[in-house]
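Input: a single structure, listed below in structure tokens.
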Amino acid sequence: MVKRDVVGAHYGLRDWLAQRATAVVMLVYTLLLLLALVMLPKFDYWHWKALWSLPLMQYSTLLFMAALLFHAWVGVRNIFMDYIKLPGLRLMLYVLVIFALIAYGAWSVQILWG
Amino acid sequence: MTSTVARKRPKYLNLMQIRLPVPGIISIMHRVSGAVLFLMIPLLLWLFQSSVQSAETFQLFRSVVTHPLMKLLLLGLLWGYLHHLLAGVRHLFLDLHIGIELEAARRSSLIVLIGGIVLTLAVGVALW
Chain A
2 MVKRDVVGAH YGLRDWLAQR ATAVVMLVYT LLLLLALVML PKFDYWHWKA
52 LWSLPLMQYS TLLFMAALLF HAWVGVRNIF MDYIKLPGLR LMLYVLVIFA
102 LIAYGAWSVQ ILWG
Chain B
2 MTSTVARKRP KYLNLMQIRL PVPGIISIMH RVSGAVLFLM IPLLLWLFQS
52 SVQSAETFQL FRSVVTHPLM KLLLLGLLWG YLHHLLAGVR HLFLDLHIGI
102 ELEAARRSSL IVLIGGIVLT LAVGVALW
């Protein structure tokens, strides 16, 4: 008799933890952004532009985007795992989502420092 | 002798017949809001880009976000974001074994459901 152990893909615990860590990053950022919006003296282009020229806003938004994109990857992958039964189609959707997320990340950098 | 033939039990897999408890309702809302937010990332990035790129694109941004239909969509996305956030915080508490009893879990899910709507209205009114 062949002794076989049931093993997983070994990313379950890592992703479970990452989903929570990225969520906390986004929660803190959300509070920071709310504070920044409340403290904005006037909503016109020049005040708005000045806010987004602050390195604090630029780098915290970059961190937020990194957290968001990984969080979105884990979430969307889980949804596909539940509903898309065909392995080939699921794989294709994974690749599309990964490319989209990388593009969104690059786009965010361009917006923040463009 | 009693019959051992298994009684055919009703299986309510019909979504229209299932009565989900509140924790189940906020759970599926967590998933749906996450999926919708993911799909709307490009729109939100485009709006953000327009708002900071130049004074001209800022005017475009203003006219787009003040359109009634766009306001409605953005209010819906705000609700999705806040619901997802609150349901996520509830998850963190459950992970710490806080509020895992049935009664407490039902109560916290009701707080998430109502809190999401109330916060959306509060932030929505403050923004517009």
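Top to bottom, those sequences are chains A and B.
If you use the working numbering, the first sequence corresponds to residues 2 to 115, in order.
If you use the working numbering, the second sequence corresponds to residues 2 to 129, in order.
For glycine and all other residues, C-beta sits at the position ideal for the given N, C-alpha and C.
Taking 8 Å as the upper bound on Cβ-Cβ separation, chain B lies near residues Ala73, Gly76, Val77, Ile80 of the segment 70–84 of chain A. By the criterion of a C-beta distance shorter than 7 Å, leucine 33 of chain A is surrounded in its chain by Ser61, once the five residues flanking it on both sides are discounted. Residue range 23–40 is occupied by the alpha helix (DSSP H) that includes serine 28 of chain B. One Cα belongs to leucine 45 of chain B, the other to histidine 48 of chain A, and the distance between them is close to 20 Å.
Remark: C-beta atoms of valine 23 of chain B and arginine 107 of chain B approach each other more closely than 8 Å. In terms of beta-carbon proximity, isoleucine 42 of chain B lines the interface with chain A, with at least one pair separated by less than 8 Å. Put simply, the backbone Cα of valine 37 of chain B is about 21 Å away from that of alanine 19 of chain A. Rounded to whole angstroms, valine 29 of chain A and tyrosine 82 of chain B show a C-alpha spacing of 14 Å.
Contact residues of the segment 16–32 of chain B toward chain A are Arg32 (C-beta to C-beta distance below 9 Å). Rounded to the nearest whole angstrom, the CA to CA distance from leucine 48 of chain B to glutamine 59 of chain A is 17 Å. Residues of chain A with a Cβ closer than 8 Å to the Cβ of valine 53 of chain B are, in chain order, Trp49, Lys50, Trp53, Ile112. Taking 7 Å as the cut-off between beta carbons, the residues of the segment 55–82 of chain B near chain A are Ala56, Phe59, in sequence order.
With the criterion set as a beta carbon lying under 9 Å from some beta carbon of chain A, the members of the segment 86–97 of chain B are Leu86, Gly89, Val90, His92, Leu93, Asp96, in sequence order.
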